[in-house]
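Engineer: Sharing a structure, written as structure tokens. Questions coming.
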Amino acid sequence: EAQVTQNPRYLITVTGKKLTVTCSQNMNHEYMSWYRQDPGLGLRQIYYSMNVEVTDKGDVPEGYKVSRKEKRNFPLILESPSPNQTSLYFCASSSAQSLTSPLHFGNGTRLTVT
Amino acid sequence: AQSVTQLDSQVPVFEEAPVELRCNYSSSVSVYLFWYVQYPNQGLQLLLKYLSGSTLVKGINGFEAEFNKSQTSFHLRKPSVHISDTAEYFCAVRGTSGGSYIPTFGRGTSLIVHP
């Protein structure tokens, strides 16, 4: 089954404790992206990647890091989380060659930073 | 640059009534348009998409959308909603050249269906 898998689904942590949210897709997609969703603000793009070893900042990259060492994986790293990073996070993937290809989303990771 | 505006943040409606969720976009290039739905505690899934051809596009669960190039709109409609349609709906645009191929999302419209 074609899917984007994010882990964990829920995460509660404390300020400053490094964490990683994993994202994996099995559709051989070149394009992968991270979004955060906050009430009233919709989806805001954090980082995206057009292919292996190619990453770019989205609209709200501050406080986040990503890596794309393999095509299927695109982890999101918070080196020193702060309470303003409490949010619902989504990973998504899509074909880069076919612009008509929709995004496939993971089920989300709800992060709480205290 | 491209942008998407969803004119209503929340749309309350009674069950079996018709509904329209509005979406306007701006782009300097040709675009592909998408509607996604997010049910409570789930990720987004594709509802329908406009690529080319007929301006009326049909999607899943009885939804349809009409592409209007002159008004740069892509409004989503359903003639009779059900309680299970309660969800967040996102309009998105993807351009056909340059950096515009990065998808751009609207802020979402919360559809609330009352019994």
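If you read the sequences in order, they're chains W and Y.
Just so you know, we're using our numbering here: the first sequence kicks off at 8 and counts up by one.
Just so you know, we're using our numbering here: the second sequence kicks off at 2 and counts up by one.
Each residue gets a CB set at the ideal place from its N, CA and C atoms; glycine is no exception.
On the premise that W:Tyr55 lies in contact with Y:Ile1, defined as a C-beta separation below 8 Å, what is that separation, rounded to the nearest angstrom?
Structural biologist: The question about residue 1 of chain Y has no answer here: the residues shown for chain Y are numbered 2 through 116.
Engineer: Once the 5 residues before and after W:Gly115 are set aside, which same chain residues still bring their CB inside 6 Å of it?
Structural biologist: Close CB contacts of W:Gly115 within its chain, under the 6 Å cut and outside five residues either way in sequence, are with Leu95, Phe97 (chain order).
Engineer: Using a threshold of 8 Å, state whether the C-beta atoms of W:Val28 and W:Thr121 are closer than that.
Structural biologist: no
Engineer: Nearest by alpha-carbon distance to Y:Tyr51: which of Y:Glu21, Y:Tyr90, Y:Leu77, Y:Val12 is it?
Structural biologist: Y:Leu77
Engineer: Compile a chain-ordered list of the residues in the region 48–67 of chain W whose CB is closer than 7 Å to at least one CB of chain Y.
Structural biologist: Taking a C-beta cut-off of 7 Å against chain Y, the contacting residues of the region 48–67 of chain W are Leu48, Gly49, Leu50, Tyr55, listed in chain order.
Engineer: Under 7 Å Cβ to Cβ from Y:Thr87, same chain only, skipping five residues before and after it: list those, please.
Structural biologist: Leu112, Ile113, Val114
Engineer: Go ahead and pull the three-state DSSP assignment for Y:Gln3.
Structural biologist: Coil at Y:Gln3, not helix or strand.
Engineer: When you check each C-beta in the region 100–115 of chain W against every C-beta of chain Y, which residues fall closer than 7 Å?
Structural biologist: Within the region 100–115 of chain W, the qualifying residues are Leu106, Thr107, Pro109, Leu110, Phe112, Gly113, Asn114, Gly115.
Engineer: Check whether chain Y comes within 8 Å of W:Phe97, counting only Cβ atoms and requiring the distance to be less than that.
Structural biologist: yes
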